[in-house]
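Visitor: Once you've had a glance at the structure underneath, I'll fire off some questions.
Protein chains: 2
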Amino acid sequence: MKYSKATNYALHTMLHLAMSNTTKPVGVQTLAEQQQVSPTYLSKILTKLVKEGMVTSVSGANGGYSLVHGWESISFLDIIYAIEGKSSLFECHFNHGPECLIQKVMLRAEEKMEEELRNQTIADLVNKETTF
Amino acid sequence: MKYSKATNYALHTMLHLAMSNTTKPVGVQTLAEQQQVSPTYLSKILTKLVKEGMVTSVSGANGGYSLVHGWESISFLDIIYAIEGKSSLFECHFNHGPECLIQKVMLRAEEKMEEELRNQTIADLVNKETTF
DNA sequence: GGTAATTTACTCGGATATCCGTTGTCCGAGTATAGACGG
DNA sequence: CCGTCTATACTCGGACAACGGATATCCGAGTAAATTACC
């Protein structure tokens, strides 16, 4: 079990957008170069972020992506959910009663992690990070 | 990102072994029937648990698997590590300085989950669980 | 009846097949800006 | 000048390919108990 590279790309892209304090949108070319990933693939990832309402895209010349108003409250968990999906990490498909104790334990542990990720925003990092 | 079915099988098998309060080893056939999984596949999973020293195997007739002495202290995390591996869930492979702030956040969150899984043992469930 | 040979019931491990999510690539379509061109 | 026309620079989204790990299956080898055969 691993977090996908896409999640890593998404987090880094969000951080990059947050730190480029410009109102103009940033082209996917620029963003892709930073992370050495193909622009087309990165655009697919960004589309997910757009659909979740974290990022806006502008078509045409001088177009690109930029953070939505109120981006300061976007948490790590929001971004991870957008890429990985919102479903639980552990699912027991056996039919041994309505409640699987093992599943309960796993979900409680997962909740602990999510709680941490929910309380951490991209904005928290902007102050600390100097170079991208 | 999902926990593998193998992890689910491993956890349920451990719980089953813990609850079958017999000194005799339990055959993989029996264990596989409980979870409706093929015996050969389950044996592969059990081999991992044997290698990590949580389970012992006895060859030959009347052979099978049984928990090691001191199994009461085996945690969820031990079992998960045995199946999924011990490596971190999130790894940033970019070369932007020695420490990636994003990675730091992810690792801290992951630690929270592992802490919970480390403090939960199979033995904890044996008392609560009545039927398998 | 005791010993040896054989059958039976298991685990172990390697090789292999299948499936599916991840990670990309390619391309056509749509869109907005910039520049060229004609009046 | 001013409006239009075209080239250019982008994003968007669907189709598709490559890859690797998860999920099995098959089979031969080893092992220990149970059973049988033999003297």
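Chains as they are written, first to last, in my numbering: chain A, 1402 to 1533; chain B, 1402 to 1533.
Where a beta carbon is used, it is the ideal one built from N, C-alpha and C, also for glycine.
Using the beta-carbon of each residue, which ones in chain B are nearer than 9 Å to S1405/A?
Guide: The answer, in chain order, is M1402.
Visitor: Judging by CA-CA distance, which residue of E1516/B, E1500/B, H1470/B is the nearest neighbour of I1481/B?
Guide: The shortest Cα separation from I1481/B among E1516/B, E1500/B, H1470/B belongs to E1516/B.
Visitor: State whether the stretch 1482-1500 of chain A contacts the stretch 1403-1411 of chain A, with contact taken as three or more CB pairs (one from each stretch) at a distance under 8 Å.
Guide: Taking 8 Å as the limit for Cβ pairs, the verdict is that the stretch 1403-1411 of chain A does touch the stretch 1482-1500 of chain A.
Visitor: Smallest Cα separation from T1448/A: which of D1525/A, A1411/A, V1506/A?
Guide: Ranking the options by Cα distance to T1448/A, first place goes to A1411/A.
Visitor: List the residues that DSSP assigns as beta-bridge partners of G1465/A.
Guide: DSSP output for G1465/A lists V1459/A as bridge partner(s).
Visitor: Is any beta-carbon of chain A found at less than 7 Å from that of K1513/B?
Guide: Chain A, which has a Cβ nearer than 7 Å to the Cβ of K1513/B, makes this yes.
Visitor: Looking only at its own chain, which residues have a Cβ that is under 6 Å from the Cβ of M1507/A, when we skip the five neighbours before and after it?
Guide: Taken in chain order, the residues that qualify are F1491.
Visitor: Listed in chain order, which residues of the stretch 1445-1477 of chain A have Cβ atoms closer than 9 Å to some Cβ of chain B?
Guide: Under the 9 Å Cβ criterion, the stretch 1445-1477 of chain A contributes F1477.
Visitor: Leaving out the 5 sequence neighbours to the left and right, which residues in its chain are closer than 6 Å to L1428/B when beta-carbon positions are compared?
Guide: First, the amino acid is wrong: residue 1428/B is Gly here, not Leu. For G1428/B, where only same-chain residues beyond five positions count, the Cβ hits under 6 Å are G1465.
Visitor: Where does V1527/B fall in DSSP's three states?
Guide: Correct three-state label for V1527/B: helix.
Visitor: Is S1476/A closer than 7 Å to T1522/A when the C-beta atoms are compared?
Guide: Taking 7 Å as the Cβ cut-off, T1522/A and S1476/A qualify as a contacting pair.
Visitor: Check whether chain B comes within 7 Å of Q1430/A, counting only Cβ atoms and requiring the distance to be less than that.
Guide: No, no contact with chain B.
Visitor: Does any residue of chain B have a CB that is nearer than 7 Å to the CB of V1506/A?
Guide: Closer than 7 Å: yes.
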